[in-house]
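S.K.: Just so you know, we're using full-length UniProt numbering here: the sequence shown kicks off at 3 and counts up by one.
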Amino acid sequence: SLKAGNPSVHTTCPYCGVGCGVVASPDTRQPVAGDAEHPANQGRLCVKGASLHETTGHEGRLLFPVIRGHRAGWDKAIEEVAKAIRSSMDAYGPESVAFYLSGQLLTEDYYVANKLAKGFIRTPNVDTNSRLCMSSAVAAHKRAFGADVVPGCYEDLELADLLVLAGSNAAWAHPVLYQRMKTAAREGRRVVVIDPRRTATSELADLHLPLRPGTDTVLFNGLLGWLADGDGLDQAYIDHHCQGFGEALASARAAAPDVASVAKQCDLPRQDVETFYRWFTSTPRTVTAFSQGINQSVAGTDKGNAIINCHLATGRVGKPGAGPFSLTGQPNAMGGREVGGLANTLAAHMDYDSPDSRSKVAGFWGTSSVADGPGLKAVDMFEAVHRGDIRVLWIMGTNPAVSLPDSTRVREALALCPTVIVSDCVSQTDTTAHADILLPAAGWGEKDGTVTNSERRISRQRSFLPLPAEVKPDWWIVSSVAGKLGFAEAFDYDRPADIFREHAALSAHENGGERIFNLAGLAGLTDTGYDALEPVQWPVLSGAGATGSSRLFTDGRFVTDDHRARFVAINTILPEQKACDGYPMVVNTGRIRDQWHTMTRTASAPRLLAHRSEPFIEVHPHDMARLKLLEGHLGRLTLKNDHFVGRVRSSGEQRPGEVFIPIHWNRQFASSAVATVLTESVTDPVSGQPEAKHGRASLTPF
Ligand code: SF4
3 SLKAGNPSVH TTCPYCGVGC GVVASPDTRQ PVAGDAEHPA NQGRLCVKGA SLHETTGHEG
63 RLLFPVIRGH RAGWDKAIEE VAKAIRSSMD AYGPESVAFY LSGQLLTEDY YVANKLAKGF
123 IRTPNVDTNS RLCMSSAVAA HKRAFGADVV PGCYEDLELA DLLVLAGSNA AWAHPVLYQR
183 MKTAAREGRR VVVIDPRRTA TSELADLHLP LRPGTDTVLF NGLLGWLADG DGLDQAYIDH
243 HCQGFGEALA SARAAAPDVA SVAKQCDLPR QDVETFYRWF TSTPRTVTAF SQGINQSVAG
303 TDKGNAIINC HLATGRVGKP GAGPFSLTGQ PNAMGGREVG GLANTLAAHM DYDSPDSRSK
363 VAGFWGTSSV ADGPGLKAVD MFEAVHRGDI RVLWIMGTNP AVSLPDSTRV REALALCPTV
423 IVSDCVSQTD TTAHADILLP AAGWGEKDGT VTNSERRISR QRSFLPLPAE VKPDWWIVSS
483 VAGKLGFAEA FDYDRPADIF REHAALSAHE NGGERIFNLA GLAGLTDTGY DALEPVQWPV
543 LSGAGATGSS RLFTDGRFVT DDHRARFVAI NTILPEQKAC DGYPMVVNTG RIRDQWHTMT
603 RTASAPRLLA HRSEPFIEVH PHDMARLKLL EGHLGRLTLK NDHFVGRVRS SGEQRPGEVF
663 IPIHWNRQFA SSAVATVLTE SVTDPVSGQP EAKHGRASLT PF
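1. Report all residues from its chain with a CB closer than 8 Å to the CB of Q430; omit the five preceding and five following residues, and keep chain order.
2. When you compare only the Cα positions, how much space is there between G224 and A607?
3. In angstroms, rounded to a whole number, what distance separates the CA positions of G485 and W396?
4. By the 10 Å Cβ neighbour count, where 16 or more other Cβ atoms means buried, how is S3 classified, buried or exposed?
5. For the ligand SF4, list every residue whose C-beta falls under 5 Å from any of its heavy atoms, going in chain order.
6. Over the uninterrupted beta strand (DSSP E) stretch that includes M587, give me the two end residues.
7. Which ranges would you report for the beta strand (DSSP E) in the UniProt domain "4Fe-4S Mo/W bis-MGD-type" (8 to 62) if only whole runs of at least 3 residues count?
8. CA-CA distance, I501 and A471?
9. Got a sec, what are the start and stop residues for the beta strand (DSSP E) Q463 sits in?
10. What distance in whole Å lies between the Cβ atoms of A115 and V480, which are believed to be in contact at a cut-off of 8 Å?
11. Can you pull the DSSP bridge partners for C244?
12. DSSP three-state label for I572, please.
13. Out of curiosity, what's the CA-to-CA distance linking R698 and Q294?
14. Distance, Cα to Cα, V661 vs S653?
15. Give me, in chain order, the residues of the same chain whose beta-carbon lies closer than 6 Å to that of R544; leave out the 5 immediate sequence neighbours on both sides.
16. Relative to the C-alpha of V650, which residue among P322, A627 and K642 is closest?
17. Under DSSP, the beta strand (DSSP E) around D426 begins and ends at which residues?
18. What is the DSSP secondary structure of V561, reduced to helix, strand or coil?
19. Would you report the Cα separation of L64 and G526, rounded to the nearest angstrom?
20. Write down every uninterrupted run of the beta strand (DSSP E) in the stretch 583 to 643 whose length is 3 residues or greater and which is fully enclosed by it, in chain order.
21. Thinking G342 and A349 are a contact (beta carbons under 8 Å), I'd like their distance in whole angstroms, please.
22. Looking at the unbroken beta strand (DSSP E) that takes in residue 711, where does it start and where does it end?
23. DSSP three-state label for W396, please.
24. Quick one: what does DSSP say T685 is sitting in, helix, strand or coil?
25. For my contact list, A146 and R568 are in at a C-beta cut-off of 8 Å; report their separation, rounded to the angstrom.
26. Does C15 pass the burial test, meaning 16 or more other C-beta atoms within 10 Å, or should it be called exposed?
27. Could you compute how far the alpha carbon of V49 sits from the alpha carbon of A581?
28. Alpha carbon to alpha carbon, what distance is there between P286 and A324?
29. Express the C-alpha separation of V412 and P126 in angstroms, rounding to a whole number.
30. How is L4 classed by DSSP in three states: helix, strand or coil?
31. For L159, which residues from the same chain have a beta carbon less than 6 Å from its beta carbon, with the 5 sequence-adjacent residues on both sides left out?
32. For T330, which three-state DSSP category applies?
33. Does the separation of the CB atoms of F646 and V621 fall below 9 Å?
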């Protein structure tokens with residue numbers, strides 16, 4: 003913990019979507035501490051959070067603007083960016099300019115980038131790496147509830163008598179939340195883990211269902227039928243608060259007619275399926291938490307709705323200890339959703355398709371119009387770059403040359419793009435290698451603003467370190483470019499508080515009170531109030547509601563036109579990247595405990611490399627013997643001309659025929675261990691989220 007008397011700042015961890023409060027010191031020799039007063043973590047930190055002070059050094063930082071390999075001043079850099087955007091707009095139209103943003107950005111940075119793109123350049127082509135993370139959950143929420151809303155709060159994960167974790171290795175991906183789930187175990191509490199792999203999270207499980215990858219909709223469709231057959235429905239809730247139950251049940255029965263069929267399709271023991279169904283039926287306080295194993299799929303949205311269907315059918319939404327719960331991957335994926343950072347949204351949770359949202363937003367921003375309609379989602383955006391339709395691409399705070407599927411083709415697209423602008427705090431990444439213009443952005447500890455975690459809780463991320471060299475905050479960089487483009491009046495911000503107030507006011511603008519995302523209670527914050535802002539869950543209504551909202555839809559009224567939730571009829575869609583003769587192994591990708599994303603920051607903390615120091619391939623013992631692989635030797639996974647090379651680890655935690663590889667290594671650290679060369683650019687047709695959890699390859703000794 004921090005030494006007594008040492009100056010300290012209360013801020014927020016920049017890694018996962020748990021959004022833990024951190025107490026940090028400007029003296030970075032002092033270890034950070036968990037913030038005991040922050041509701042998300044109540045003083046806890048995982049090892050990544052506890053190592054934050056080790057990652058604030060300047061080694062490897064991007065410290066000044068660079069234009070085509072040469073150091074430049076800010077005036078020149080801003081002028082070059084504005085010139086590239088203006089030339090492309092004039093010659094090829096606004097849609098030739100695209101922004102690829104990040105769940106690492108603060109809400110204020112995100113807001114300004116979205117406003118410049120959609121309101122002033124008028125390109126709809128703004129998307130974010132949150133597309134890879136939870137866009138399927140977003141789409142499922144919108145289909146079911148009428149808006150992208152997580153109805154519950156973290157406390158529900160502790161209050162639940164049955165905790166179902168679907169496609170989530172929370173022990174490694176959301177470690178502090180997992181600790182909360184673990185310590186909250188009460189007498190009789192049960193945990194079911196649904197995951198093809200036996201992960202660290204499975205240690206908490208009373209029942210682990212290692213289902214065949216991609217069959218989650220079958221399991222939950224079977225559950226819906228079981229609930230209907232066994233008197234497990236809350237018929238009054240369905241009648242008064244929902245629509246579409248009959249169609250959803252008919253589809254569920256067709257896809258999963260009985261337990262025997264479910265067991266066969268999911269490759270699970272019949273008695274285990276029955277046990278899960280019995281527990282779910284008999285436990286009113288049930289939470290189903292889901293994450294990337296659900297979202298990163300060609301049926302990600304359907305999987306989310308198959309889960310929500312079962313909660314609606316039992317009236318278990320927005321109640322203490324009961325509800326579906328999407329675990330967000332990134333620290334500010336939720337904040338990006340709030341400002342409209344996804345290509346299919348406009349701003350402040352307003353879509354393009356609502357009748358007057360475009361004129362409302364344009365009026366609020368003081369511009370004559372905004373972009374016409376939805377833009378290209380991440381995978382399609384990079385395809386448009388490859389085709390030459392997008393000619394100026396501005397990437398902020400993310401590393402798509404490693405993180406997007408088929409990253410070999412993404413690198414080709416970046417090489418073909420006439421102007422690639424990258425704002426980042428790190429100088430050498432696989433993406434900055436393709437930049438024509440590099441802009442040095444503030445890192446954690448230097449930047450100031452807000453983030454929103456998985457339970458809709460807005461927290462301040464406060465600065466406590468000076469900006470090094472010529473580094474600037476993202477909002478300043480974007481506003482400066484906007485000014486150079488001739489939009490200075492609309493981007494006249496002096497500080498993040500100015501932007502936050504505007505963001506909050508937009509959420510409440512013109513009948514904002516009717517929208518679920520509403521920050522009216524924060525729109526009048528003074529600078530001092532913003533500095534002192536305590537963590538708060540949206541919506542934050544003015545007046546009595548200014549304290550925030552833990553649970554939503556508690557009265558069974560949703561945000562659809564008729565205030566009824568929608569059941570969604572779900573058919574079975576299996577993974578598109580099927581194992582086949584040439585590529586017989588199923589590749590499961592995922593996080594390891596101590597690294598974050600593409601390791602550009604966490605690799606600078608030596609102790610975070612101790613847990614897993616090199617890329618690996620986990621292989622079932624049967625496959626080890628069959629393929630003549632040796633423990634500790636190198637193995638090679640191959641798809642077409644691409645390879646992933648890693649240390650072979652024998653592990654009975656996989657299903658035979660399936661391997662697990664980590665997503666983190668980039669080409670700077672291990673040129674042949676980039677997981678995304680093995681996942682193809684296939685996406686969920688509703689959400690556009692890539693099938694990143696499921697690839698295929700051949701496996702041989704290296
Ligand atoms: Fe940071 Fe997530 Fe760890 Fe909390 S659980 S300290 S937010 S990485």
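Using N, Cα and C, we set each Cβ at its ideal position, and we do this for glycine too.
In this text the structure is predicted, and so the values were computed from the model without any measurement.
M.R.: Considering the structure as presented:
1. G62 and Q670
2. 46 Å
3. 17 Å
4. Note that S3 scores 41 on pLDDT, short of 50, meaning its location in the model is unreliable and no value can be drawn from it.
5. C15, Y17, C18, V20, C22, L47, C48, K50, G51, P177 and V178
6. M587 to G592 is the extent of the beta strand (DSSP E) around M587.
7. Entirely contained in the UniProt domain "4Fe-4S Mo/W bis-MGD-type" (8 to 62), the beta strand (DSSP E) runs reaching 3 residues are, in chain order, 11 to 14 and 23 to 26.
8. 25 Å
9. Judged by DSSP secondary structure, Q463 falls within the beta strand (DSSP E) whose first and last residues are R459 to Q463.
10. 5 Å
11. A567
12. coil
13. 18 Å
14. 9 Å
15. Per the sequence presented here, residue 544 reads as Ser, with Arg not at that position. Closer than 6 Å at the Cβ level, and outside the excluded window around S544, lie A522 and G523.
16. Nearest C-alpha to V650: A627.
17. First-last of the beta strand (DSSP E) with D426: T421 to D426.
18. Residue state, collapsed to three classes: coil.
19. 36 Å
20. 587 to 592, 618 to 621 and 636 to 641
21. 4 Å
22. Outside the shown range of the chain (3 to 704) lies residue 711, about which nothing can therefore be said.
23. strand
24. strand
25. Contact flag correct, Cβ pair sits at about 6 Å.
26. buried
27. 36 Å
28. 7 Å
29. 20 Å
30. Because the pLDDT at L4 is just 48, under 50, the model does not fix this residue reliably, and the value given afterwards should be weighed accordingly. Residue state, collapsed to three classes: coil.
31. M183 and V289
32. coil
33. no
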